[in-house]
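Chemist:
Numbering (my numbering), first residue to last: 4 to 268.
#1: Run the CB neighbour count on residue 67, radius 10 Å, all protein chains shown included, and call it buried at 16 or more, exposed below.
#2: Using three-state DSSP, classify residue 64 as helix, strand or coil.
#3: Is the number of C-beta pairs between the region 89 to 96 and the region 219 to 228 that are closer than 8 angstroms three or more?
#4: Does DSSP put residue 4 in a helix, a strand or coil?
#5: Can you tell me where the alpha helix (DSSP H) holding residue 193 begins and where it ends?
#6: Which partner residues does residue 58 have in the DSSP bridge list?
#7: In this structure, how does DSSP classify residue 257 when only helix, strand and coil are distinguished?
#8: In angstroms with no decimal places, state the Cα-to-Cα distance between residue 114 and residue 91.
#9: Here's the rule: buried if 16 or more other CB atoms are within 10 angstroms of the residue's CB, otherwise exposed. What is residue 180?
#10: Quick one: complete alpha helix (DSSP H) runs, 4+ long, within the region 205 to 238?
#11: By the three-class DSSP mapping on this structure, what secondary structure does residue 327 have?
#12: Buried or exposed for residue 119, going by 16 or more other Cβ atoms inside 10 Å?
#13: Three or more C-beta pairs closer than 8 angstroms, one from the region 69 to 77 and one from the region 47 to 59: is that the case here?
#14: Pick out whichever of 220, 255, 256, 205 has its Cα sitting closest to the Cα of residue 235.
So, in structure tokens, the structure goes:
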């Protein structure tokens, strides 16, 4: 495991000295030895501009900002937007975690966490950081045209980065289902990746539109969502979605779903 994660440079943003010591030790257990700790978001951001890390591991509640503010600032900074981000928090309320998911977090780890939970988040981080040519070679992914639909620019940027690492180069973006429907009326695509919760026309309504009204009614549709309601997810399945993936946007899961959807096609 040390060889898997050993090359990563991590910045830990945690105001509690005892928590910082514990998390640093856990990172060391899985092989990450290069860890710098910071007690505030501002201190971490200043250090990032001096020496950019591969990964930021942050608490949600910081003395000067939230973890949501921190990742939002990073995703809005051209020099830091590609740095992987893992949130460590005991917070469970969807309304508190949803903005972090939308911003493009690689993983959310509970506090306290197990080694297995940490490894899962770190493996997703590696997939986020590295390129994978398998999909390109087998499915000619470089020729695929993907429509990304999400009202969050940060979420679209994160999805795009993950898909680019799988060899996909051609993207069209829409802020909601209504914009996506207009694009589909004029432009042929090979895959639609959409959020569920969006203004004007949500993800379920978009899937229903594609399957019943669009001339591209057989295009694969992947829904990426933090929605947990079984009733709502069942309705999306019935509408004809090709696959559903949780937020954070996990690269390994995405790759498997793309193999299934595009390979069959």
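Yeah, the Cβ is synthetic: ideal placement off N, Cα and C, and Gly gets one too.
Modeler: Result, derived from the coordinates:
#1: exposed
#2: strand
#3: no
#4: Confidence in residue 4 is poor, its pLDDT being 47 and thus under 50, which makes the residue's placement too unreliable to answer from.
#5: No alpha helix (DSSP H) contains residue 193, which DSSP labels as neither H nor E.
#6: 13, 87
#7: helix
#8: 6 angstroms
#9: buried
#10: 206 to 215
#11: For the chain, the structure presents residues 4 to 268; residue 327 sits outside this window and is missing.
#12: exposed
#13: yes
#14: 205
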